[in-house]
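Only one structure is covered here, and it is reproduced in the block below.
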């Protein structure tokens, strides 16, 4: 940053996404979810630095050069549903032409009629209306732009899909349909007839996460503070980290109780637990870093009363 200042946007992120699995990454805005996705695709700004490893099969994504990322990874090994689809669509070309170009680049489809049919099929998968295919991005609503971006991401049938807020701007019925299509992408066998594909879904929509996720990772202030199965997280015994529990309790269908305060600035994080200032379970112990594990908390809710 200017003046030599450093900001740790994501720290000690440790997780796996298996073939045939959906991992939902949830947390408030600014906690580092999209930065993490950008790091996996080599799309961080030029002043960013990464450390560690991110393995997709035998390939370390963090060590891969731009040529490998551009020709082997993006679209082919990892599909991306971007957070801001309007910024990722080419403004001077129609949705149809962008879909046909993507189909030609990522599949063996050839011939004008075949490309047209494949583009229309891709649009249908994402519930993008066929009568809007010949429109330009500026002629689309936010929800339609989101569906166009989802259609483009699904074209290559990549073994891993990164969906960054894939339901933004959609009404409830389309949220459910989009989530179900992403789940279908996960469950369908891969080209070799294997266990399907992996999905890392970054979302604020806990209902969408509950609908399709197998596991849930909760991120706060650049760190993953809890990893749990979706069944345990949304059902019984419920989340154990106070922040995770607060996210659920803020839902209208639950207690509708907001979490007090605001997340800390990533450039001014405390030495201990970053959530302590907002937590009603915090003690002096929380001035030290939380213990490692699936629940990064000194005082997690016991499993038997996490939903009490």
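Residue numbers (full-length UniProt numbering): 1 to 308. Beta carbons: idealized from backbone N, C-alpha and C, even for Gly.
Check: Taking only the alpha-carbon atoms, compute the straight-line gap between residue 242 and residue 283 and give it to the nearest angstrom.; Outcome: 13 Å
Check: Can you name the start and end residues of the alpha helix (DSSP H) that residue 142 belongs to?; Outcome: 142-154
Check: Tell me the residue span of the beta strand (DSSP E) that contains residue 116.; Outcome: Counting along the chain, residue 116 falls outside any beta strand (DSSP E), though it belongs to the alpha helix (DSSP H) covering 112-125.
Check: Going by beta-carbon coordinates alone, are residue 160 and residue 122 separated by less than 8 Å?; Outcome: no
Check: Looking at the unbroken beta strand (DSSP E) that takes in residue 164, where does it start and where does it end?; Outcome: 160-164
Check: Exposed or buried, residue 189, counting other C-beta atoms within 10 Å across all chains shown (16 or more means buried)?; Outcome: exposed
Check: Kindly list the residues whose CB is nearer than 7 Å to the CB of residue 150, restricted to its own chain and excluding five residues on each side of it in sequence; keep chain order.; Outcome: 81, 126, 166 and 178
Check: Are the CB atoms of residue 290 and residue 273 within a distance shorter than 8 Å?; Outcome: yes
Check: Would you decide whether residue 134 is buried or exposed? Buried here means 16 or more other CB atoms lie within 10 Å of its CB.; Outcome: exposed
Check: Measure how close the beta-carbons of residue 28 and residue 302 come, nearest whole angstrom, since I'm counting them as under 8 Å.; Outcome: In fact, because the Cβ distance is near 25 Å, the residues do not count as touching under 8 Å.
Check: Whose C-alpha, out of 157, 93 and 119, is nearest the C-alpha of residue 136?; Outcome: 93
Check: Below 7 Å CB to CB, which residues in the same chain sit around residue 12 once its five sequence neighbours on both sides are set aside?; Outcome: 223
Check: Would residue 100 be called buried (16 or more neighbouring beta carbons within 10 Å of its own) or exposed?; Outcome: buried
Check: Taking residue 248 as the reference, which of 205, 269, 186 and 266 has the closest Cα?; Outcome: 205
Check: Taking the straight line between their C-alpha atoms, what separation do you get for residue 73 and residue 108?; Outcome: 17 Å
Check: Check whether the region 285-299 touches the region 251-267, taking contact to mean three or more Cβ pairs, one atom from each stretch, closer than 8 Å.; Outcome: no
Check: Is it buried or exposed for residue 276, if we count other Cβ within 10 angstroms and need 16 for buried?; Outcome: buried
Check: Enumerate in chain order the residues of its own chain whose CB-to-CB distance from residue 200 is below 6 Å, with the five nearest sequence positions on each side excluded.; Outcome: 17, 23 and 162
Check: Where do the N-terminal and C-terminal ends of the alpha helix (DSSP H) with residue 25 fall, by residue?; Outcome: Where residue 25 is concerned, there is no enclosing alpha helix (DSSP H), although the beta strand (DSSP E) it sits in stretches over 22-26.
Check: For the region 226-241 against the region 43-53, do three or more pairs of beta-carbon atoms, one drawn from each stretch, fall closer than 8 Å, so that the two count as touching?; Outcome: no
Check: Which one of 43, 3, 88 and 30 has the shortest CA to CA distance from residue 67?; Outcome: 43
Check: First and last residue of the alpha helix (DSSP H) that includes residue 63?; Outcome: Looking at the DSSP string, residue 63 is not in any alpha helix (DSSP H), and its letter there is neither H nor E.
Check: With distances taken between CB atoms, is the gap from residue 202 to residue 164 smaller than 8 Å?; Outcome: yes
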